[in-house]
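Visitor:
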């Protein structure tokens, strides 16, 4: 049975490690006993229960590929939302050793499999990089020769997720799983940046993304407005709608 194809039920996990990722986000490594493995791009649900019995759950993308056929570790990168019911606790309250109720893996459309050989264009806005990072890491782990390119739009360098990992993947040869990366900084660009700060426009998208003639599968993830604008521009530029896969981040 393919990874992630088993029925999903709520179960207890343990936070094995927590660490800051950006000023408003945190990297969390969970150990989930009996975890069946997952595909790059899948997510899981996290549920919190208050002393009075009130429950709140939210979905979070998994940021790293499965660690072996029977690996029990899952990596999350969680952004704190001011009006959130779940994310403030995960970013500010959760400690190593704490238990956390989870359910997953979930999702089968927004995934990348090593058997795919066509070119891949990843496009992320802010924390939307998380599931795409799992794809990029899996691509590098298996040494895939399928061309993969990442276009990442983020406010400033300090808010960029996985900076060191992106640098390492970009340094790998393309034929060994390397991922060419283009950064777009919307508010503050670092010294030496390829372009001044500004939004990802249709013109910049056409300049930096794989062209429609290469027939790539395109994965777009980020806030709803960002995803809708990018997907609309891609189709207008000639990308086949069925090759544009989207995942929207929203809700606390």
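Numbering (the numbering used here), first residue to last: 71 to 322.
Glycine included, C-beta positions come from ideal geometry on N, C-alpha and C.
Taking the C-alpha atoms as reference points, what is the distance between residue 318 and residue 298?
Guide: Distance between the alpha carbons of residue 318 and residue 298 is about 9 Å.
Visitor: Assess contact between the stretch 113-127 and the stretch 275-291, defined as three or more Cβ pairs (one per stretch) separated by less than 8 Å. Is contact present?
Guide: no
Visitor: Give me, in chain order, the residues of the same chain whose beta-carbon lies closer than 7 Å to that of residue 309; leave out the 5 immediate sequence neighbours on both sides.
Guide: 282 and 288
Visitor: Going by C-alpha distance, which of 201, 163 and 107 is nearest residue 150?
Guide: 163
Visitor: Out of 264, 246 and 244, state which residue places its alpha-carbon closest to the alpha-carbon of residue 253.
Guide: 264
Visitor: From the DSSP output, which residues share a beta bridge with residue 193?
Guide: 221 and 290
Visitor: Using the C-alpha atoms, what's the distance from residue 201 back to residue 180?
Guide: 9 Å
Visitor: Any idea if residue 124 is buried or exposed, counting beta-carbon neighbours within 10 angstroms, 16 or more meaning buried?
Guide: exposed
Visitor: DSSP has residue 81 in a bridge; who is on the other side?
Guide: 172, per the DSSP bridge assignment.
Visitor: Grouping DSSP H, G and I as helix and E and B as strand, with all else coil, what is residue 102?
Guide: coil
Visitor: If you run the structure through DSSP and keep just helix, strand and coil, what is residue 137?
Guide: coil
Visitor: Do you know offhand how far residue 321's Cα is from residue 211's?
Guide: Summary for residue 321: the model assigns pLDDT 45, below 50, so the residue's position carries little reliability; its value from the coordinates is reported in the next sentence. Spanning the two alpha carbons is a distance of roughly 32 Å.
Visitor: Kindly give me the distance between the Cβ atoms of residue 223 and residue 195, rounded to whole angstroms, as I take these residues to be in contact under 8 Å.
Guide: Confirmed, Cβ separation roughly 5 Å.
Visitor: Determine the direct distance from the alpha carbon of residue 204 to that of residue 71, and round the result to whole angstroms.
Guide: Because the pLDDT of residue 71 is 43, which lies under 50, any placement of that residue in the model is unreliable, and the number read from its coordinates should be weighed accordingly. Taken atom to atom, the span from the alpha-carbon of residue 71 to that of residue 204 is near 21 Å.
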